[in-house]
Structure formats: C-alpha cells, structure tokens
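If you're matching positions, the sequence shown starts at 130 in this note's numbering and goes up one per residue. All C-beta atoms, glycine included, are put in the ideal place defined by N, C-alpha and C.
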Amino acid sequence: MITLYGWGPAFGCPSPSPFVMKADIQLQMLGVDFTRAIADLDSVPKHKAPYVIDDGQLIEDSNFIRRHFETKLGRGLYDGMSGRDIAASWALERLAEGQLVKIMAWERWMKDANFNKGPAHFFDAVPAPARADVIRDVRQAQAAMYAGEGTGRFTDAERMQLATWDIGALALHLGEQDFLFGEKPTCADASVTAVLISCATDFFDTPLTGLVHQHANLVAYIDRMKARYFAGARWPEMAAEPA
Ligand SMILES: N[C@@H](CCC(=O)N[C@@H](CS)C(=O)NCC(=O)O)C(=O)O
C-alpha cells in the first residue's frame, strides 16, 4: 500500500503546496498506484510534506520520493532524454522550486491580506487563545528566513522583476511545445507546472497571477497539465494543516 501525504485543493490550486502537486504528478508519471491522505507534519522528522509511506517505509521530500520509486520500478522520468536535456530539466526544476517558489510563498505569507485569506487558515485548529501568538511567531520566523536567504531584502519591484525573468525563461523554453521537452510530459513538467499553478491562481492578490497570464503558452500548458493529472485526483477532507 502506497500513500502520498499532503493536502488537497485549496487557494484555487489542486494543493496549497507546489511540492505536493509535484510529487502527485511524478507518481502518476511513474505509474505508481497510490492513495492520498492528509499530512501529519508532527509525525515525520523533516516536518514537511509531501511524504510517502510505501508498505511502512517513510520517504520524505519530493525528489527522494521520485528516486525511491524510480529505483523500485527500474524506470525513470529521464528515460529516453539526452544528457543535455537532463541537465536543462534539472536546471528548470531548480529555477521553479528553488527560486520562483520563494517569491510565490513570500506573496502568500508576508502580505497581510493574502496571509489572512490563505495560510492563516492552516492555524484554524490552534486553540483560539493561543492562535494569534502562534501565527505571529511563525510569520516572524518566516520573515527572518526570507531576510536571511535574501528574498525578503528585495523591494516588491525587485522581487517581481526576478519573477518576470523566471516566468519569462519558462515561457521561452516551452515555446510552442505541448510540454517542456516535446510532445510528452517529462520530469520537470511536474515541478514547473506545480509552481506555475501556484503563481497563476487568482485567489491571491499578487502581480504573479498577471505575470503568468501574460504568456498564453504557459496558460495553455497549465490547463493541459491540470486536465491530465488533476482531473481525477481525490483527496480526503483536510484534517490536519501545514504550519
Ligand atoms: N524540499 C521539499 C519541500 C517541501 C516543503 O517545503 N513543503 C512545505 C509545504 S509547500 C511544508 O511542508 N512546510 C511545512 C513546514 O515547513 O513546517 C520537497 O521537495 O518535498
């Protein structure tokens, strides 16, 4: 029995977490038969989702989930790709989930209006008397983290300039193709789509939505990937929330 732990639809996206979307897509790409369940972050050492339990074995982190099943199944998401395309694939993944995702998360967590309508609800289960303090502490820790790694030191305009370059590079690479490396989806499509969906949602008030929608090819690509991988995805009701 294989279970992917994460969270289902929220914020106008198939999951509030791009990493959960990525792992979900990659498991489907690999042909893994799995079910979905709500994550309990306190139950896992890294305190992050996605994680998978495969017949009692815990695998944390989307990249290691992918590696676990590639090893187990003896087939991989790079199969058939040239070395040059594999290198480009990894670079595109890192651009999306190492850079652009930080700007997306900053928009959700650091802008009060966005936070209040979105991530604040992750804390609805915290007893009311403690909730405001918990939220304040978590957001202060997030702000310190963003300041430390640099995203928080840019002005809004600078952050959006960086996002414009990131999103523009993804649009240029995709071009007229259906998927990043041609007619069939490959590894990086999972990660890139997950982050683009997270940026493009109109649930939040952020320039990122418009930056993605400026590129008709990206909008069509997102729709294509959503129809292929999320039309039939079934999640249980949220019973635990990310922190
Ligand atoms: N590198 C991890 C990133 C996972 C991640 O950042 N997950 C977030 C949700 S998007 C999370 O669980 N955050 C909870 C926390 O940091 O406490 C992966 O690829 O799986």
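- Message: Measuring CB atoms only, is the region 301–316 touching the region 350–361, in the sense that at least three cross pairs come out at less than 8 Å?
- Response: Put simply, the region 301–316 touches the region 350–361. At least three CB pairs are less than 8 Å apart.
- Backbone CA spacing between Arg223 and Ala217 [nearest angstrom]: On the sequence shown, position 94 is the one that residue 223 refers to. On the sequence shown, position 88 is the one that residue 217 refers to. Those two C-alpha atoms are separated by around 10 Å.
- Item | Cα-Cα separation between Ala276 and Leu303, rounded to whole angstroms | As a working mapping, residue 276 is identified with position 147 in the sequence shown. As a working mapping, residue 303 is identified with position 174 in the sequence shown. Roughly 32 Å between the two C-alpha positions.
- Message: Suppose contacts are defined by Cβ-Cβ distances below 9 Å. Is Gly203 in contact with Pro365 by that definition?
- Response: The residue labelled residue 203 in the question sits at position 74 within the sequence shown. The residue labelled residue 365 in the question sits at position 236 within the sequence shown. Using a Cβ distance threshold of 9 Å, Gly203 and Pro365 do not count as a contacting pair.
- Cα-Cα separation, Val149 to Leu299: Here residue 149 refers to the residue found at position 20 of the sequence shown. Here residue 299 refers to the residue found at position 170 of the sequence shown. Answer to the nearest angstrom: the Cα atoms are 20 Å apart.
- Task: Alpha carbon to alpha carbon, how far is Arg282 from Arg288? Give it in angstroms, no decimals.
- Result: Against the sequence shown, residue 288 aligns to sequence position 159. Against the sequence shown, residue 282 aligns to sequence position 153. Cα to Cα, Arg288 sits roughly 9 Å from Arg282.
- Message: Is Leu170 a contact residue of ligand 1, with contact defined as CB to any heavy atom under 8 Å?
- Response: Locating residue 170 in the sequence shown gives position 41, where the first residue counts as 1. At least one heavy atom of ligand 1 sits closer than 8 Å to the Cβ of Leu170.
- What residue does the beta strand (DSSP E) around Glu189 start on, and which one ends it? Position 60 of the sequence shown holds residue 189. That run of the beta strand (DSSP E) goes Gln186 to Glu189.
- Task: Report the residue from Gly141, Met239 and Ile154 whose alpha carbon sits nearest the alpha carbon of Asp266.
- Result: In the sequence shown, residue 266 corresponds to position 137, counting from 1. Among Gly141, Met239 and Ile154, the Cα nearest to that of Asp266 is on Met239.
- Task: State the CB to CB distance for the pair Ala152 and Leu133, rounded to an integer number of angstroms; the pair is presumed to be in contact (CB under 8 Å).
- Result: To locate residue 152, count along the sequence shown from 1; it is residue 23. To locate residue 133, count along the sequence shown from 1; it is residue 4. Yes, Ala152 and Leu133 are in contact; Cβ-Cβ is about 6 Å, under 8 Å.
- Tell me whether His342 counts as near ligand 1, meaning its Cβ is closer than 8 Å to at least one heavy atom of that ligand. Numbered from 1 along the sequence shown, position 213 holds the residue referred to as residue 342. Result no, Cβ not under 8 Å from ligand 1.
- Message: Which same chain residues end up closer than 6 Å to Met354 when comparing Cβ atoms and leaving out the 5 residues on each side of it in sequence?
- Response: Along the sequence shown, read from residue 1 onward, the residue named residue 354 stands at position 225. Answer for Met354: Thr322, listed in chain order.
- Taking DSSP as the reference, what is the three-state secondary structure of Gly385? In the structure displayed, the chain extends from 130 to 372; residue 385 sits before or after that span and is not available.
- Three-way DSSP call (helix, strand, coil) for Pro371 in this model: Locating residue 371 in the sequence shown gives position 242, where the first residue counts as 1. Its pLDDT being 46, under 50, Pro371 is placed unreliably in this model, and the value from its coordinates should be taken loosely. Residue state, collapsed to three classes: coil.
- Message: Which of the three DSSP states is assigned to Ala272 in this structure?
- Response: As a first step, residue 272 must be located in the sequence shown, where it is residue number 143. Here DSSP, grouped into helix, strand and coil, assigns Ala272 to helix.
- Can you have a look at Glu226 and say buried or exposed, based on whether 16 or more other CB atoms are within 10 angstroms of its CB? Indexing the sequence shown from 1 puts residue 226 at position 97. Glu226 is buried by the Cβ-count criterion.
- Task: Quick one: residues in its chain with C-beta nearer than 8 Å to the C-beta of Glu305, no 5 flanking neighbours on either side, listed in chain order?
- Result: Counted from its first residue, the sequence shown places residue 305 at position 176. The answer, listed in chain order, is Asn346.
- Query: Buried or exposed: Ala168, going by 16 or more other Cβ atoms within 10 Å of its Cβ?
  - Reply: Locating residue 168 in the sequence shown gives position 39, where the first residue counts as 1. Residue environment analysis places Ala168 among the buried positions, since at least 16 neighbouring C-beta atoms fall within 10 angstroms of its C-beta.
- Message: So Pro147 and Val324 are supposed to be a Cβ contact under 8 Å. How far apart are they, rounded?
- Response: As a first step, residue 147 must be located in the sequence shown, where it is residue number 18. As a first step, residue 324 must be located in the sequence shown, where it is residue number 195. Yes, they are in contact, since the Cβ atoms of Pro147 and Val324 sit about 5 Å apart, within 8 Å.
- Would DSSP call Thr280 helix, strand or coil? Position 151 of the sequence shown holds residue 280. In the three-state reduction of the DSSP assignment, Thr280 falls in the helix class, which pools H, G and I.
- With burial defined as no fewer than 16 other Cβ atoms inside 10 Å of the residue's Cβ, what is the status of Thr284: buried or exposed? Residue 284 sits at position 155 when you count from the first residue of the sequence shown. Exposed is the label assigned to Thr284, since fewer than 16 other Cβ atoms lie within 10 Å of its Cβ.
- Task: Please determine if the region 355–363 and the region 173–190 are in contact, where contact requires at least 3 C-beta pairs separated by less than 8 Å.
- Result: They do not touch, by the three-pair rule.
- Reduced DSSP category for Ala139 - H, G, I as helix; E, B as strand; rest coil: Taking the first residue of the sequence shown as 1, we reach residue 139 at position 10. Here Ala139 sits in strand by DSSP.
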